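With our numbering applied, the sequence shown corresponds to residues -6 to 140, in that order.
Worksheet: one structure, shown below.
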Amino acid sequence: MSSQALGLIIGGLLPALLFGLSNVFAKASNTAGISLGLYVVTIGLTVALVGGVLHMLHSGDSSFSGKGLLFAICVGLAWATGTACVAYALVQHSARISVLAPLFNMNSLVSVLLGMWLFAEWRDIDTPKLLWGALLIVIGGSLVASA
């Protein structure tokens, strides 16, 4: 198997499965009864535990920069806030995870557009395929939102 194919499996398919499972656990956790703050703190502690284990397993890589740390904080801030928004919608507005998940997973469009702009990834992208894919994501999200 090529390195590129392995990268797609490890960085694409496996996270899709894990993020999908996490959405089911989010619904179960929030409907079982947990405060929004404790929910986010518990997730944060679990993320810290996984990070600690990964750091120990990859102890040879101790690279660090202030800029890298700042961007990591931005990741945490955006992710935790988005996670809290989903939990709030589940509990306070009885939203269905089966409807929310496809909507918030339209985040791929944000990632694609910002990646193309900020990292000049537009140079290596087949634009017609990207536009068709983006259109299908929007159509799918719209259909799910009206389900």
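Using N, Cα and C, we set each Cβ at its ideal position, and we do this for glycine too.
Keep in mind it's a predicted model, so treat the numbers as computed, not measured.
> Exposed or buried, ASN100, counting other C-beta atoms within 10 Å across all chains shown (16 or more means buried)?
Replying inline: exposed
>> If the criterion is Cβ atoms closer than 7 angstroms, does the pair VAL92 and VAL131 meet it?
In response: no
> Quick one, are the C-beta atoms of LEU29 and ALA77 less than 7 angstroms apart?
Replying inline: yes
> Are there 16 or more other CB atoms within 10 angstroms of the CB of ALA65, so buried, or fewer, so exposed?
Replying inline: exposed
>> Quick check: what's the CA-CA separation for ASP119 versus LEU38?
In response: 40 angstroms
> Looking at ASN23 and ALA94, is the spacing between their C-beta atoms short of 7 angstroms?
Replying inline: no
> How would you call LYS122, buried or exposed, if buried means at least 16 neighbouring beta carbons within 10 angstroms?
Replying inline: exposed
> What do you reckon, are the CB atoms on ALA73 and VAL33 nearer than 7 angstroms?
Replying inline: yes
> In or out: LYS20 buried (at least 16 other Cβ within 10 Å) or exposed?
Replying inline: buried
>> Under DSSP, the alpha helix (DSSP H) around ALA21 begins and ends at which residues?
In response: 7 to 25
> Whole alpha helix (DSSP H) runs in the segment 35 to 107 with 4 or more residues, listed along the chain?
Replying inline: 59 to 85 and 90 to 97
> Sorted by chain position, which residues of the same chain lie with C-beta nearer than 7 angstroms to LEU70's C-beta, five sequence neighbours on each side aside?
Replying inline: none
> I think ILE147 touches LEU96, with their Cβ atoms under 8 angstroms apart; what is that distance to the nearest whole Å?
Replying inline: For residue 147 there is no data in the structure shown, the boundaries of the chain being -6 and 140.
> Can you tell me the Cα-Cα spacing of ALA88 and PHE57, whole angstroms?
Replying inline: 40 angstroms
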